[in-house]
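Visitor: Pasting in a structure now, in structure tokens, and then I'll have a few things to ask.
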Amino acid sequence: MPPRTVGPSREATAQTRRRGEELKQAIFGAVLDELRTTGYARLTMESVAGAAGTGKSALYRRWPDKEAMVRDALRSTLPDPDEVPRTGDTRTDLVALLRFLQAVFNRTRGTLFQVAASEAGTDTGFMRSLVNDHVVTPCKVRIGEVLRDALPDGGEPPSDLDLLAEVGPAMLTHRCLTGDATISDGYVEAVVDGVLARLTGQGPARGPDARP
1 MPPRTVGPSR
11 EATAQTRRRG
21 EELKQAIFGA
31 VLDELRTTGY
41 ARLTMESVAG
51 AAGTGKSALY
61 RRWPDKEAMV
71 RDALRSTLPD
81 PDEVPRTGDT
91 RTDLVALLRF
101 LQAVFNRTRG
111 TLFQVAASEA
121 GTDTGFMRSL
131 VNDHVVTPCK
141 VRIGEVLRDA
151 LPDGGEPPSD
161 LDLLAEVGPA
171 MLTHRCLTGD
181 ATISDGYVEA
191 VVDGVLARLT
201 GQGPARGPDA
211 RP
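Once you know that position 201 of the sequence shown is 201 in full-length UniProt numbering, the rest is easy, because the numbers rise by one and skip nothing.
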């Protein structure tokens, strides 16, 4: 009697039968794992398909190339600045928005975001563009709204208000990209108080415990 042919394992069959959101999340998980273990330069559509337990055609139906695929995978991990609640208190709201950025930068320092940025940024800049478009720029817009709401009724906004809205995100971004120490709560509050002092002259005094 001829030996029985062994078919695909149940696990492999289950993987190939995944559809829709379940398959997409498996692919995203594989992308993140590949970035951690091999880096962006060596990541391929083939390696991701193998790690996700699917075929390359499933990837190419969704994305034209690996950059688009990596962009979507990383974007799925980024939080939304619009979810930061507004309280109506200027300092509280500014601190909350900068702490949102602080959490993003602290969480991604030395991990897959920095790995991908260092390998791909010099060629396309898509990683910095991704973080800027989906996190930093929306945060600047929200900060600008908070600063405008802080103006006295009928008060004329300063001509450099938009520049003031960029100060906090720019300072936190600089700390992240230059590989400085983890951004502290004291540093965030010092930046906020400096902006408030410039805008309203009411920034609270800072003691030695607020040093970055």
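For glycine and all other residues, C-beta sits at the position ideal for the given N, C-alpha and C.
Given a cut-off of 8 Å, decide if L43 and L35 are closer than it, judged by their beta-carbon atoms.
Guide: By one-based count along the sequence shown, residue 35 stands at place 35. By one-based count along the sequence shown, residue 43 stands at place 43. Contact: yes.
Visitor: Taking the alpha-carbon of M171 as reference, which of V70, V188, K56, T77 has the nearest alpha-carbon?
Guide: In the sequence shown, the residue the question calls residue 171 occupies position 171. Among V70, V188, K56, T77, the Cα nearest to that of M171 belongs to V188.
Visitor: Just verifying my parser: in three-state terms, what is the DSSP assignment at S76?
Guide: Within the sequence shown, the letter at position 76 stands for residue 76. In the structure shown, S76 sits in coil (DSSP, three-state: anything other than H, G, I, E or B).
Visitor: Can you list, in chain order, the residues of its chain whose CB lies under 8 Å from that of D33, leaving out five sequence neighbours each side?
Guide: Residue numbering aside, residue 33 sits at position 33 when the sequence shown is read from its first letter. Cβ neighbours of D33 beyond the five flanking positions: A51.
Visitor: Keeping to the same chain, check which residues put their C-beta closer than 7 Å to that of F28; ignore five residues upstream and five downstream.
Guide: Within the sequence shown, residue 28 is the residue found at index 28, counting from 1. Around F28: A73, S76.
Visitor: For T173, does the three-state DSSP call read helix, strand or coil?
Guide: Stepping through the sequence shown from its first residue, residue 173 is reached at position 173. If DSSP states are grouped into helix, strand and coil, T173 belongs with the helices.
Visitor: If you check the beta carbons only, do F105 and E67 fall under 8 Å apart?
Guide: As a first step, residue 105 is located in the sequence shown; it is residue number 105 there, counting from the start. As a first step, residue 67 is located in the sequence shown; it is residue number 67 there, counting from the start. Against a cut-off of 8 Å, the Cβ pair of E67 and F105 comes out as no contact.
Visitor: Which residue wins for smallest C-alpha separation from residue 213, given the options E156, G168, D65?
Guide: Outside the shown range of the chain, which is 1 to 212, sits residue 213, and nothing can be said about it.
Visitor: Who are the near neighbours of L98 in its chain, counting only those whose CB is closer than 7 Å to its CB and skipping five residues on each side?
Guide: As a working note, residue 98 is residue 98 in the sequence shown. Here the set comprises G168, L172, V188, V191, V192.
Visitor: On a Cα-Cα basis, can you pick out the residue from N132, G144, R19 that is closest to D160?
Guide: Locating residue 160 in the sequence shown gives position 160, counting from the first residue. Residue G144 is the option with its Cα nearest to D160.
Visitor: Taking the alpha helix (DSSP H) that L23 falls in, what are its first and last residues?
Guide: Numbered from 1 along the sequence shown, position 23 holds the residue referred to as residue 23. Segment 20-37, the alpha helix (DSSP H) holding L23.
Visitor: Just curious, the alpha helix (DSSP H) that E145 is in, first and last residue?
Guide: Residue mapping note: residue 145 aligns to position 145 of the sequence shown, counting from 1. Where E145 is concerned, the enclosing alpha helix (DSSP H) stretches over 137-149.
Visitor: Any idea if D80 is buried or exposed, counting beta-carbon neighbours within 10 angstroms, 16 or more meaning buried?
Guide: Translated into the one-based positions of the sequence shown, residue 80 becomes position 80. It is exposed - the Cβ of D80 has fewer than 16 other Cβ atoms within 10 Å.
Visitor: In chain order, what residues of the same chain have a beta carbon less than 7 Å from the beta carbon of L147, not counting five sequence neighbours either side?
Guide: Numbered from 1 along the sequence shown, position 147 holds the residue referred to as residue 147. Contacts found: L161, L164, A165, L199.
Visitor: Would you say V84 and A103 are within 8 Å of each other, going by their C-beta atoms?
Guide: To locate residue 84, count along the sequence shown from 1; it is residue 84. To locate residue 103, count along the sequence shown from 1; it is residue 103. It is not a contact, given that the beta carbons lie outside the stated cut-off.
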